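Undergrad: Quick one: structure below, then a few questions.
Residue numbers (this note's numbering): 75 to 560.
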């Protein structure tokens, strides 16, 4: 027995524990590491007894903080781009064309126009009020009443801070409302000679002969004088009659001609006459296929096509290209030649043939976007005038620019006329697109903000823990006591 114990002690050394832990294999290690290995064996040995029987379950280890942080950080990092893409798609990716006339877009566009007016008044070395009054005087001398009205409406933005604040306070307490209140308040800031010139040009011929007669005393006035408004001058209370419609006609002007003239043009084109093809096709679309509102816009487009200028007009090129894309020119020419080859003058049969060719050869579905653009032209002409509309849309190069022009005119009215004359190159740039903030967009934006906040929190927490973590504590293998380094 002693020999076997000596053999075991020499060749197979075993370490016995007083707590009956079982045989633990010894290694050639240092004392501290041996104790740590023994402690691990104690914790993992299923036979270890705390005094109440053997352990039935292993000790569960807690998942470290790094695992939670990595899971949360990567999840938020993957979800944020998808949420942002969905938000942008819902706000800007729908099929609505840009620069729609909405209340939010009108307010934003009006603010951009006021900023342009303010910049114009500061370009000169003189005071903004003097610059503004000189511009009004020049417009009156040129009898451009729409421009005069636009300058008066832009006075709150063009005047300097002190005069501008006083003018806005005057508008706030004015009897009228809207543009009329701005006009009446702005007149008081003009020099006396400019006020006299304005009153002279805004009085009707009838009121010149009977200046003291009230507006109600003119029951037989012509329809052109139907828009009568009492205006109080700077030095009197005489009722005057505004005749802006006589100076700048604001009624729809038919410049397409009629079906008889169009039929004669078709007969000439069928017999190889020298015909302005884009104008002929535009006239046919407006007279035969367009509704009344689109027909008025087509009349404005016809005026643009027939405008003679030294340089090229972008709208002419755009209209010509759009008409050629919609109308099969060669097919229409072939059909008209077959129907009107033997005609030399106007007949009802020839007119019926021309209408039939236009209705059958032109695709109505392709034509509808062009008719919608004609309606925009009609709104521009109604908000300003035919001549002003031609000047405003002369810089339009595509359909987006046309919607910009429509939004600028809807927001500013005659302000757009004045701004076109003073800063026409930047007129369309004042159009703004505003997307209303719906509840769905608010929720998605809040979700993105929460993801970003979570990413920041996890990153900062991980950064902080990497500097503040405590040193590992070693425990005794036998007594499970903490060992502190000497």
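Just so it is clear, CB atoms sit at the ideal spot from N, CA and C, and this is done for glycine as well.
For clarity, every value in this text was computed on a predicted model and none was experimentally measured.
1) Got a sec, what are the start and stop residues for the alpha helix (DSSP H) residue 357 sits in?
2) Could you compute how far the alpha carbon of residue 334 sits from the alpha carbon of residue 399?
3) Which of helix, strand or coil does DSSP assign to residue 388?
4) Measuring CA to CA, which of 353, 260, 493 is closest to residue 467?
5) With a threshold of 8 Å on Cβ separation, who are the neighbours of residue 353 within its own chain once the five nearest residues in sequence on each side are excluded?
6) Check whether the stretch 530-543 and the stretch 172-180 are in contact - that is, three or more C-beta pairs closer than 8 Å.
7) Does DSSP put residue 401 in a helix, in a strand, or in coil?
8) Hey, how far is the Cα of residue 249 from the Cα of residue 480?
9) Could you name the residues of the same chain whose beta carbon sits closer than 7 Å to that of residue 186, not counting the 5 residues immediately before and after it, in chain order?
10) Compare the beta carbon distance of residue 340 and residue 428 with 7 Å and say whether it is the shorter of the two.
11) In the stretch 168-219, which residue ranges form an unbroken alpha helix (DSSP H) of at least 4 residues, counting only runs that do not cross its ends?
12) Is the separation between the beta-carbon of residue 257 and that of residue 226 shorter than 7 Å?
13) Between the C-alpha atoms of residue 293 and residue 423, what's the straight-line distance to the nearest angstrom?
14) Helix, strand or coil, according to DSSP, for residue 277 in the structure here?
15) Roughly how many angstroms separate the alpha carbons of residue 172 and residue 445, rounded to a whole number?
16) Give the DSSP-derived three-state secondary structure of residue 456 in the structure shown.
17) Which full runs of the alpha helix (DSSP H) of 4+ residues lie inside the stretch 415-484, going along the chain?
18) Going by other Cβ atoms of all chains shown within 10 Å of its Cβ, with 16 needed for buried, is residue 87 buried or exposed?
19) Under the rule that 16 or more other beta-carbon atoms within 10 Å means buried, what is residue 246, buried or exposed?
20) If you compare alpha carbons, which of 537, 535, 515 is closest to residue 162?
TA: The structure says:
1) As a first step, residue 357 must be located in the chain shown, where it is residue number 283. Its alpha helix (DSSP H) spans residues 351-358.
2) Here residue 334 is taken as the residue at index 260 of the chain shown, counted from 1. Here residue 399 is taken as the residue at index 325 of the chain shown, counted from 1. Rounded to the nearest whole angstrom, the CA to CA distance from residue 334 to residue 399 is 26 Å.
3) Position 314 of the chain shown, counting from 1, holds the residue named residue 388. Residue state, collapsed to three classes: helix.
4) Stepping through the chain shown from its first residue, residue 467 is reached at position 393. Checking every option, the nearest Cα to that of residue 467 belongs to 493.
5) Taking the chain shown and counting its residues from 1, the one referred to as residue 353 is at position 279. Cβ neighbours of residue 353 beyond the five flanking positions: 376, 379, 380.
6) Look at the beta carbons and you see the stretch 530-543 not touching the stretch 172-180: under three pairs across the two are nearer than 8 Å.
7) What you label residue 401 is simply residue 327 of the chain shown in a count that begins at 1. Note: residue 401 maps to coil in three-state DSSP.
8) On the chain shown, residue 249 is found 175 positions in, with the first residue counted as 1. On the chain shown, residue 480 is found 406 positions in, with the first residue counted as 1. The C-alpha of residue 480 is placed about 30 Å away from the C-alpha of residue 249.
9) On the chain shown, position 112 is the one that residue 186 refers to. So the qualifying residues of the chain are 504, 506.
10) Locating residue 340 in the chain shown gives position 266, counting from the first residue. Locating residue 428 in the chain shown gives position 354, counting from the first residue. In this structure, residue 340 places its C-beta atom within 7 Å of the C-beta atom of residue 428.
11) Fully enclosed alpha helix (DSSP H) runs of 4 or longer: 177-195, 202-215.
12) For the purposes of this step, residue 257 is taken as residue 183 along the chain shown, with counting starting at 1. For the purposes of this step, residue 226 is taken as residue 152 along the chain shown, with counting starting at 1. Yes; because the gap between Cβ atoms is below 7 Å, this pair is in contact.
13) Within the chain shown, numbered from 1, the residue matching residue 293 stands at position 219. Within the chain shown, numbered from 1, the residue matching residue 423 stands at position 349. The predicted model places residue 293 with a pLDDT of 44, which falls under 50 and marks its position as unreliable; any figure quoted below should be read in that light. Going from the Cα of residue 293 to the Cα of residue 423 covers about 47 Å.
14) Mapped onto the chain shown, residue 277 falls at position 203. Residue 277: coil per DSSP, three-state reduction.
15) Looking up residue 172 in the chain shown gives position 98. Looking up residue 445 in the chain shown gives position 371. Between the C-alpha atoms of residue 172 and residue 445 there is a straight-line separation of about 18 Å.
16) For the purposes of this step, residue 456 is identified with residue 382 of the chain shown, where counting begins at 1. Note: residue 456 maps to helix in three-state DSSP.
17) Along the length of the stretch 415-484, whole alpha helix (DSSP H) runs at least 4 residues long occupy 422-435, 438-457, 460-467, reported in chain order.
18) Locating residue 87 in the chain shown gives position 13, counting from the first residue. Only weak support is given to the placement of residue 87: the predicted model assigns it a pLDDT of 46, under 50, and the question is left unresolved by the model.
19) Position 172 of the chain shown, counting from 1, holds the residue named residue 246. Per the 10 Å Cβ criterion, exposed.
20) In the chain shown, counting from the first residue as 1, residue 162 sits at position 88. Here the closest residue by C-alpha is 515.
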